[in-house]
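Student: Supplied in structure tokens, the structure appears directly below.
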């Protein structure tokens, strides 16, 4: 992995790409008063250094009919079953995030569903996985914050 030290121009490029990964390099270049080639080279170097790990598309799940969000804590009968349980969880497409955790739960998941009935069905699927002792669910009333930029800016201040 290549070593790459970020400077203020890199910070600004990342800031714009986090806002919209589809921003053309020419638009970034104009805003920063540099060439599009410079933007391209800098992004390429950040990719090679694995600072940038691809790009993502943010979907509006509400418009797609999946506005219901719940978080499910999973208790396992035995921690040695973690890998097996995660493989089964991966087969449920409505589970969008899964973390192996310490503390109260062995695994903590985020699910997206159409409504409460659909969420119940997903939770029952999780409950039915061999090795799952029980689950505990929290319903999200609102996603109040999902801001990648604040953390990025804080990290940049430390560098």
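Numbering (full-length UniProt numbering), first residue to last: 1 to 159. Glycine residues also receive a C-beta, built at the ideal position from the N, C-alpha and C atoms.
Which residue wins for smallest C-alpha separation from residue 51, given the options 67, 37, 3?
Tutor: When only C-alpha atoms are compared, the closest one is 3.
Student: Classify residue 1 as buried or exposed, calling it buried when 16 or more other Cβ atoms lie within 10 Å of its own Cβ.
Tutor: At residue 1, the pLDDT of 47 sits below 50, so the modelled position is not reliable and the matter cannot be decided from this model.
Student: Helix, strand or coil for residue 1? Go by DSSP, reduced to three states.
Tutor: Because residue 1 sits at a pLDDT of 47, beneath the cut-off of 50, its placement in the model cannot be relied upon, and the following sentence gives the value as read from the coordinates. In this structure, residue 1 counts as coil in the three-state DSSP scheme.
Student: Taking the alpha-carbon of residue 77 as reference, which of 154, 10, 155, 135 has the nearest alpha-carbon?
Tutor: Taking only the C-alpha atoms, the option nearest residue 77 is 135.
Student: Under a Cβ-count criterion, where at least 16 other Cβ atoms within 10 Å of its own Cβ denotes burial, should residue 14 be classed as buried or exposed?
Tutor: Buried.
Student: Whose C-alpha, out of 53, 74, 116, is nearest the C-alpha of residue 128?
Tutor: For the residues 53, 74, 116, the minimum Cα distance to residue 128 belongs to 74.
Student: Under DSSP, the beta strand (DSSP E) around residue 73 begins and ends at which residues?
Tutor: Note, residue 73: beta strand (DSSP E), 68–76.
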